[in-house]
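Structure record follows, encoded as structure tokens.
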Ligand SMILES: NC(=O)c1ccc[n+]([C@@H]2O[C@H](COP(=O)([O-])OP(=O)(O)OC[C@H]3O[C@@H](n4cnc5c(N)ncnc54)[C@H](O)[C@@H]3O)[C@@H](O)[C@H]2O)c1
């Protein structure tokens, strides 16, 4: 893919699942990766995998829901690599998977904090560097839960709808200033987040198996889309949330 060699990429939540796979794939394209995660050990494992294959990466501990932590993460990346070209807002959590009246306020605040405020904070503090260069890419990992209601619960559905809106606003505010913003809406992908769902009898099993692809997604499916959207080849793509779901939400 064009335009990725040497680029500095921050990926949040890259200590596991989709973030880790995206970090590995972007490193293969020659990008330099800041692997950020609230779980430092997970981030370090990702870095070890990348560097063992000859790539360039370093690990940072960061909680995307906390302003001070995000500002420290951005400062750490600028200190280490001197710039930021691409931000992948991937860190995410799910809530209680209960109907609205049974969901605690704590769960609501926790999920909004990570899944939505985290995207806002990381974008807010990465954008000044991109504005100064007149170039940048922001990729937000939303979900098909950014399009519809499902068994993922109200905290997650509301937060991911928020991420699709945030992505449009980022595109609207900064597209003309050289910063391209775009989101991805994965269906059910096999990662640690969904390990209890991706089995027969799981909440999305029928929907997934009856969909055109007839299988759960793999982290690599999403990671290759991240690579494409981060590259210059996606230059005409702004503001949308691109579904990657095996066709599960076409009806
Ligand atoms: N797996 C799926 O089926 C699926 C589907 C749609 C969307 N998504 C989204 O993809 C993203 C990645 O999910 P995944 O499946 O790889 O999950 P995962 O649980 O495997 O990885 C998520 C990572 O985010 C990190 N994280 C959690 N809270 C954080 C915080 N406050 N600050 C920094 N890092 C934090 C975790 O430590 C973990 O390493 C999430 O935003 C999720 O909502 C996943």
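Residue numbers (our numbering): 20 to 270.
All C-beta atoms, glycine included, are put in the ideal place defined by N, C-alpha and C.
Taking DSSP's pairing of strands, which residues face residue 204 in a bridge? 262, per the DSSP bridge assignment.
Between residue 260 and ligand 1, is the CB less than 7 Å from at least one heavy atom? No; taking the cut-off as 7 Å, the Cβ of residue 260 has no heavy atom of ligand 1 nearer than that.
Give me the residue from 236, 24, 69 with the minimum Cα distance to residue 34. Taking each of 236, 24, 69 in turn and checking the Cα distance to residue 34, the smallest one comes out for 69.
Are residue 106 and residue 142 close, meaning C-beta to C-beta below 8 Å? Contact flag set, yes.
By the DSSP assignment, the alpha helix (DSSP H) with residue 68 in it spans what residues? Taken as a continuous stretch (DSSP letters only), the alpha helix (DSSP H) holding residue 68 covers 59-71.
Test item: CB-CB of residue 260 and residue 190 under 8 Å: No, Cβ-Cβ distance for residue 260 and residue 190 is not below 8 Å.
Quick test of your reading: residue 209 and residue 235, contact by CB under 8 Å. State the CB separation rounded to the nearest angstrom. Yes, residue 209 and residue 235 are in contact; Cβ-Cβ is about 5 Å, under 8 Å.
Looking only at DSSP bridge pairs, what is residue 275 linked to? Residue 275 lies beyond the stretch modelled for the chain, which goes from 20 to 270, so this question has no answer here.
Which one of 29, 175, 20, 230 has the shortest CA to CA distance from residue 118? Residue 175 is the option with its Cα nearest to residue 118.
Within its chain, find whatever has a CB closer than 8 Å to the CB of residue 25; leave out the 5 residues flanking it on each side and keep chain order. Within the same chain, Cβ atoms closer than 8 Å to the Cβ of residue 25 are found at 49, 50, 51, the five residues on either side in sequence being excluded.
Taking Cβ positions, are residue 198 and residue 137 nearer each other than 8 Å? Taking C-beta atoms as the reference points, residue 198 and residue 137 fail to come closer than 8 Å.
Determine, using beta-carbon pairs with one atom in the stretch 120-137 and one in the stretch 79-95, whether at least three such pairs fall under 8 Å. As far as the Cβ criterion goes, the stretch 120-137 touches the stretch 79-95, which means the pair count is three or higher.
Among residues of its own chain, excluding the 5 on either side of residue 183, which ones have a beta-carbon nearer than 7 Å to its beta-carbon? So the qualifying residues of the chain are 161, 165, 202, 260.
What's the C-alpha gap between residue 254 and residue 149? Looking at the backbone, the Cα of residue 254 and that of residue 149 are separated by about 16 Å.
With a Cβ-Cβ cutoff of 8 Å, do residue 59 and residue 78 count as a contact? For residue 59 and residue 78, yes; Cβs fall inside 8 Å.
Contact belief for residue 146 with residue 100 at Cβ below 8 Å, rounded distance in angstroms: Contact between residue 146 and residue 100 fails: their C-beta atoms lie close to 17 Å from each other, not under 8 Å.
Residue 94 vs residue 158 beta-carbon contact at 8 Å: It is not a contact, given that the beta carbons lie outside the stated cut-off.
How should residue 262 be labelled, buried or exposed, when 16 other C-beta atoms within 10 angstroms of its C-beta is the threshold for buried? Buried is the call here.
Does at least one heavy atom of ligand 1 sit under 7 Å from the Cβ of residue 208? Yes; taking the cut-off as 7 Å, the Cβ of residue 208 has a heavy atom of ligand 1 nearer than that.
Verify the contact flag: residue 110, CB atom, against every heavy atom of ligand 1, threshold strictly below 7 Å. Correct: residue 110 has its Cβ closer than 7 Å to ligand 1.
Could you give the residue range of the beta strand (DSSP E) that holds residue 76? Its beta strand (DSSP E) spans residues 75-80.
May I have a chain-ordered list of the beta strand (DSSP E) segments no shorter than 3 residues that lie completely inside the stretch 174-247? Inside the stretch 174-247, DSSP marks whole beta strand (DSSP E) runs of 3 or more residues at positions 198-205, from first to last along the chain.
Under the DSSP definition of a beta bridge, which residues are partnered with residue 172? Beta-bridge annotation (DSSP): residue 172 is not paired with any residue.
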